Structure formats: C-alpha cells, structure tokens
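Structure record follows, encoded as structure tokens.
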Ligand code: NAD
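In UniProt numbering, the protein residues as written are 1 to 356.
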C-alpha cells in the first residue's frame with residue numbers, strides 16, 4: 001500500500017498530539033508534525049512517539065507559506081490535517097489580533113502552499129491528495145435550551161473573535177475547493193476534554209485548582225451547556241473523515257454528552273472527593289461564581305448522525321467514563337502539568353479563567 005504522508009499542523013497541542021499518537025500507531029502513516037510551539041504547544045505531550053521511525057517534528061509557522069510549501073514537497077505530503085490555531089475564547093476577547101493572524105491568515109497561507117503543492121503532483125498522487133480542516137461547533141453560534149441541534153447545514157453565526165476566526169477559515173477552505181478544486185474535507189467538533197489539555201481550559205483548570213485548594217471559578221450561574229467529547233474519540237473521528245469523508249463536505253462530530261458547566265464542575269468534585277478526599281468538606285465547597293464572559297453562548301449541541309451513518313464512527317467514551325479517565329490522568333501525571341502550573345503564565349492567569 002502507498003504510505004500516507006500526513007502533515008499535521010498544530011500537532012503539539014491538545015488534540016493534535018492525540019491525533020499524532022494515533023496516526024503513528026499505524027506504520028502505513030508517516031507523520032510530519034508542524035507546530036510553532038506557542039504557549040499552548042508542548043513537545044512533552046509527544047514523548048511516547050518522539051523516537052518512532054514514522055514520526056518527525058518540525059518547528060515552524062503555518063503563516064510562512066514558502067517554508068510550508070518546501071516542507072510539503074520535501075516530505076512528499078499527500079494529506080494535510082490542519083489543527084494549528086489560537087484556541088482559547090477568553091484570550092480572543094482580550095487580544096483578537098493573534099487569532100486573526102493564526103486562524104485566518106495562517107489558514108490562507110497554508111491553503112496557498114497546499115494548492116501549489118497539489119498542482120505540482122503527478123496526476124495519480126494529486127487524485128489521492130486531501131486537505132482536512134479541523135474546526136469547531138462554535139462557528140454555528142448560540143442555541144436556546146430547547147433540544148435543537150447543530151446540523152452540517154446550520155447557518156454560521158459565530159459570537160466570539162475565536163469562533164469568527166474559525167468560521168472565516170472554514171469559508172476560505174470551502175472557497176479553495178469550489179474555486180481552485182483543492183480536494184478538501186472539513187469537520188466541526190464539540191468541546192473536547194482528556195489528557196494533555198492545557199490547564200487554562202475548564203476541566204483541567206478545575207481539577208488542578210481543586211488539588212491546590214484554590215477557588216473553582218464558574219462563569220455566571222454555570223448554566224451554559226456544552227457537548228463534551230473525549231479527545232481520543234475525536235482523534236479517531238478525524239482519521240475517518242480524513243481518509244473516507246466525501247470531498248467538499250463537512251462532518252459534525254459530537255459526544256451526545258450535553259452538560260452544563262456547573263454539572264461538569266460538580267462531577268469533577270465528586271470524583272476527587274472519592275479519589276483524593278479533602279481533610280474536611282467537599283471539593284464542591286471551592287465553587288466560586290464569577291461575572292459572565294462577554295457574549296457567552298448559552299448552549300452548543302451537535303447532531304453527529306452524518307459521521308455515524310456515513311463513516312461508521314461513534315464515540316467509545318460516555319462523559320462519565322471519559323471524565324473518570326481524565327481525572328485519573330491528571331492525578332498521575334503531574335510531571336506534565338506541574339511545570340505549566342509553576343510558570344509565570346500560570347501565576348498570571350490560572351486563578352481567574354473559567355470557561356471552556
Ligand atoms: P491547542 O491550543 O491545544 O493547540 C494548538 C496548537 O497549534 C499549539 O500546539 C500551537 O503551538 C499551534 N499553533 C498555533 N499557531 C500556530 C502557527 N501559526 N503555526 C503553527 N502552529 C501553530 O488547540 P486544540 O484544543 O488542540 O485545538 C486544535 C484544533 O481543533 C483547533 O483548530 C481548534 O479550533 C479545533 N477544535 C478544538 C476543540 C476543543 O475543544 N479543544 C473543539 C473543536 C475544534
């Protein structure tokens with residue numbers, strides 16, 4: 001079989017590292033991980049595959065079109081899985097410029113490099129080439145508490161600078177398909193959680209603040225609802241979409257696990273109460289309600305029936321099994337999160353960020 005030479009962008013991040021670990025497990029894949037190593041990128045997340053013969057890490061910026069094109073040509077890339085992005089909604093409110101640069105300009109530059117590379121491939125190889133753009137359900141905006149779901153056809157209505165930048169990138173990817181014929185597939189996924197998740201995001205923040213006896217900050221009344229998906233389930237879905245998705249189409253990916261932020265925090269507290277009890281009282285006593293995030297969407301929920309029906313994917317974890325595994329991982333892997341929590345960045349921010 002022809003090897004699949006995959007360029008993963010953002011592979012030192014949370015989801016990208018989970019994807020690289022799964023891709024490298026199949027010797028048919030050769031994985032080139034291109035990552036700028038922003039504050040969110042961490043090569044320690046790739047320790048288990050660092051020396052694998054079918055894995056290579058390259059530090060670089062997707063905005064550098066010439067370098068990316070040269071890398072694609074040198075590595076004979078026939079699949080791009082594009083995850084590199086700025087991803088934290090609170091940061092996008094405080095400083096949107098980095099999101100415009102990485103998520104919109106970066107995707108544009110990467111598309112241009114991919115187009116030139118694809119156009120230069122021999123016909124047979126060009127036919128097998130694919131560009132998979134990884135996106136979020138936040139592009140669809142805000143849902144009421146009425147049981148409605150995001151479908152692939154739901155109109156885009158992003159609320160935050162983060163989701164607007166991802167929506168822009170999705171539109172660019174579709175335009176490069178319709179106008180230039182670049183073979184693309186897209187996926188829009190709900191909130192992920194699991195090992196190696198940077199501790200500014202809700203779930204790791206709550207676990208680690210609880211262990212440190214610090215307040216567990218919750219936006220507003222904690223009623224905002226997200227659909228949670230275990231990161232390894234997302235990585236499996238991405239491999240299905242990249243290899244078997246219909247060109248030009250997008251696939252919604254979700255976990256059938258809608259939970260309010262308050263329920264998420266209380267579930268973590270209950271697991272910790274069982275696994276590592278406090279000297280007195282419950283971890284729930286550390287809950288602290290803080291003023292709401294501006295423009296905070298009330299609810300996200302995904303209809304994932306298309307990927308289930310057409311590509312045979314289903315999540316293996318429920319929220320209950322996934323969150324138990326996640327808490328266990330943080331209890332056992334302070335070598336990974338300890339240095340992050342101890343850094344200047346951690347001291348500056350971790351006490352007050354409370355959103356997914
Ligand atoms: P993350 O913040 O953990 O990782 C992002 C990675 O991209 C980092 O390693 C960073 O160094 C790298 N990066 C940023 N700018 C770059 C640039 N200009 N060039 C090269 N590398 C760059 O993000 P994540 O949570 O793993 O998300 C990955 C992708 O999945 C993003 O595109 C995000 O929008 C999408 N997504 C995330 C979620 C979620 O819940 N985390 C859900 C749906 C979709």
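Even for Gly, the Cβ is constructed at its ideal location relative to N, Cα and C. In this text, all values refer to a predicted model and were calculated from it rather than measured experimentally.
- With a cutoff of 7 Å, residue 83 counts as near the ligand NAD, since its C-beta is closer than that to a heavy atom of the ligand.
- Distances taken from the Cβ of residue 295 to the heavy atoms of the ligand NAD include none shorter than 7 Å.
- Residue 12 and residue 108 have their C-alpha atoms some 21 Å from each other.
- In terms of Cβ geometry, residue 3 and residue 21 do not form a close pair [threshold 8 Å].
- DSSP places residue 133 in the strand class (E or B) of the three-state scheme.
- Under the DSSP definition of a beta bridge, residue 117 lacks any partner.
- In terms of side-chain proximity, the C-beta atom of residue 310 is found no nearer than 7 Å to any non-hydrogen atom of the ligand NAD.
- Assignment of residue 339 by DSSP, reduced to helix, strand and coil, places it in the helix class.
- Residue burial annotation: residue 247 is exposed, with fewer than 16 other C-beta atoms found within 10 angstroms of its C-beta.
- Contiguous beta strand (DSSP E) elements confined to the stretch 211 to 252 occur at 216 to 219 and 225 to 230, taking only those with 3 or more residues.
- No heavy atom of the ligand NAD is found nearer than 7 Å to the CB of residue 154.
- Taking C-beta atoms under 8 Å as the contact rule, residue 251 and residue 307 qualify, at a distance of about 4 Å.
- In this structure, the beta-carbon distance from residue 121 to residue 131 does not fall below 8 Å.
- Exclusion of residue 218 from the 7 Å shell around the ligand NAD follows from its C-beta lying no nearer than that to any non-hydrogen atom of the ligand.
- Per DSSP, residue 258 lies in no alpha helix (DSSP H) segment; the continuous beta strand (DSSP E) that holds it begins and ends at 258 to 260.
- Around the beta carbon of residue 157, fewer than 16 other beta carbons sit within 10 angstroms, so the residue counts as exposed.
- When the alpha-carbon of residue 313 is set against those of 274, 239, 272 and 326, the nearest one is in 239.
- Secondary structure at residue 63: coil, using DSSP grouped into helix, strand and coil.
- Under the three-state reduction of DSSP, residue 39 is assigned to coil, being neither helix nor strand.
- Across the structure, residue 9 and residue 43 are spaced so that their CA atoms are roughly 13 Å apart.
- Check the Cα spacing between residue 234 and each of 223, 174 and 322: the tightest is with 322.
- DSSP links residue 287 through a beta bridge to 216.
- As computed with DSSP, residue 79 is found in a beta bridge with 6 and 130.
- Remark: the C-beta of residue 210 is outside contact range of the ligand NAD, defined as less than 7 Å to any heavy atom.
- Beta bridge pairing from DSSP links residue 187 with 134 and 251.
- Boundaries of the alpha helix (DSSP H) harbouring residue 306: 305 to 311, taken from the DSSP string.
- Counted as a single uninterrupted DSSP element, the alpha helix (DSSP H) harbouring residue 167 occupies residues 161 to 180.
- Not one heavy atom of the ligand NAD sits closer than 7 Å to the Cβ of residue 250.
- In the assembly as shown, residue 200 is a buried residue. Its beta-carbon has 16 or more other beta-carbons within 10 Å.
- In the DSSP assignment, residue 299 is bridged to 225.
- Between the stretch 294 to 311 and the stretch 143 to 159, the count of C-beta pairs closer than 8 Å reaches three or more; the two stretches touch.
- In the structure shown, residue 34 adopts extended strand secondary structure according to DSSP, grouped into three states.
- Here residue 285 is exposed: its Cβ has fewer than 16 other Cβ atoms, across all protein chains shown, within 10 Å.
- When DSSP states are grouped into helix, strand and coil, residue 54 belongs to the coil group.
- Per DSSP, the beta-bridge partners of residue 29 are 4.
- By alpha-carbon distance to residue 253, the top candidate from 192, 327 and 276 is 192.
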